[in-house]
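A short write-up of the structure that comes next.
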Amino acid sequence: MANGIFGRVLAGAVGVMGLLALPASLSAQTTATPTFTKDVAPIFQNKCESCHRPDSIAPMSLITFEEARPWARSIRERVASRNMPPWHIDKTVGIQHYKDDRSLSDKEIDTIVKWAANGAPKGDPKDMPAAKKWDDGNGWNYASKFGGPPDLVVKSPNYTQKAVAMDAWYKPVVETGLTEPRWVRAIEMRPSTLKGRKITHHALAYLMQDEKE
Numbered sequence: 055m056a057n058g059i060f061g062r063v064l065a066g067a068v069g070v071m072g073l074l075a076l077p078a079s080l081s082a083q084t085t086a087t088p089t090f091t092k093d094v095a096p097i098f099q100n101k102c103e104s105c106h107r108p109d110s111i112a113p114m115s116l117i118t119f120e121e122a123r124p125w126a127r128s129i130r131e132r133v134a135s136r137n138m139p140p141w142h143i144d145k146t147v148g149i150q151h152y153k154d155d156r157s158l159s160d161k162e163i164d165t166i167v168k169w170a171a172n173g174a175p176k177g178d179p180k181d182m183p184a185a186k187k188w189d190d191g192n193g194w195n196y197a198s199k200f201g202g203p204p205d206l207v208v209k210s211p212n213y214t215q216k217a218v219a220m221d222a223w224y225k226p227v228v229e230t231g232l233t234e235p236r237w238v239r240a241i242e243m244r245p246s247t248l249k250g251r252k253i254t255h256h257a258l259a260y261l262m263q264d265e266k267e
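Numbering-wise (my numbering), the sequence shown opens with residue 55 and increments by one.
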């Protein structure tokens, strides 16, 4: 009698295990580990490569798997905490639809975190999107919008930053050369040299007017 009861209990247990195994198998198919080539690289292209590419301000490039893989743990930490990509607008209030918004959605964050947490796999090379083309940084972003380069360029004196130092605010006073009122449609500021792009991360400009005028 004991053996019969044991057999029925065991059979029942096996039956339950079999039922539970099926949903688990289906779940595994729908929650596959993200790969760099298929899932992560497109996000990096859209939200990260503007800085994380050769000759830009970021300390490393994230264009290829070989470049990104050694940084997987750091990427996971910075992305999960929303420190990267830098986007300091409060996403809970006010206007949220901005052109060139480089902040990550919850889904994009989840994809990157899962990729890094599961060994940061490369994936199928065939899934890799075509490389994004970047200009050399010497042009003007507004040139296409306004049909040409600026009609006034005000250049500040050169500034040398020490290789190892705290952030510094360079505050030059530069003559505009204007002698009569001018309407301003747009202002764009950019470093004038390749080395300047490696260290410049903020720029502010304001008009200083002689109190006698």
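Each residue gets a CB set at the ideal place from its N, CA and C atoms; glycine is no exception.
Ranked by Cα distance from V228, the options N212, V218, W237, P235 are led by N212.
V133 and N100 have their C-alpha atoms roughly 15 Å apart.
In the three-state DSSP reduction, W169 falls in the helix class (H, G or I).
Taking C-alpha positions only, M138 is separated from D93 by approximately 18 Å. Relative to D109, the option among G250, P124, I163, R239 whose CA is nearest is G250.
Pairing T87 with P179 gives a Cβ-Cβ distance that is not under 9 Å. Here the region 236-250 lies against the region 192-200, with 3 or more beta-carbon pairs under 8 Å apart. C-alpha of D221 to C-alpha of I129: approximately 23 Å in a straight line. Cβ atoms of E103 and K186 come within 8 Å of each other, at about 6 Å. Ranked by Cα distance from I117, the options A126, S135, F98 are led by F98. Measuring C-alpha to C-alpha distances from L248 to each of A112, V167, P203 identifies A112 as the nearest. In this model, R123 and A174 are separated by some 7 Å (Cα to Cα). For the region 90-178, the full-length alpha helix (DSSP H) segments reaching 4 residues or more read 95-101, 119-122, 126-134, 160-171 along the chain. Distance from the CA atom of P183 to the CA atom of F119, rounded to whole angstroms, is 12 Å. Here DSSP, grouped into helix, strand and coil, assigns A197 to helix. Measuring C-alpha to C-alpha distances from N172 to each of T89, G201, R244 identifies T89 as the nearest.
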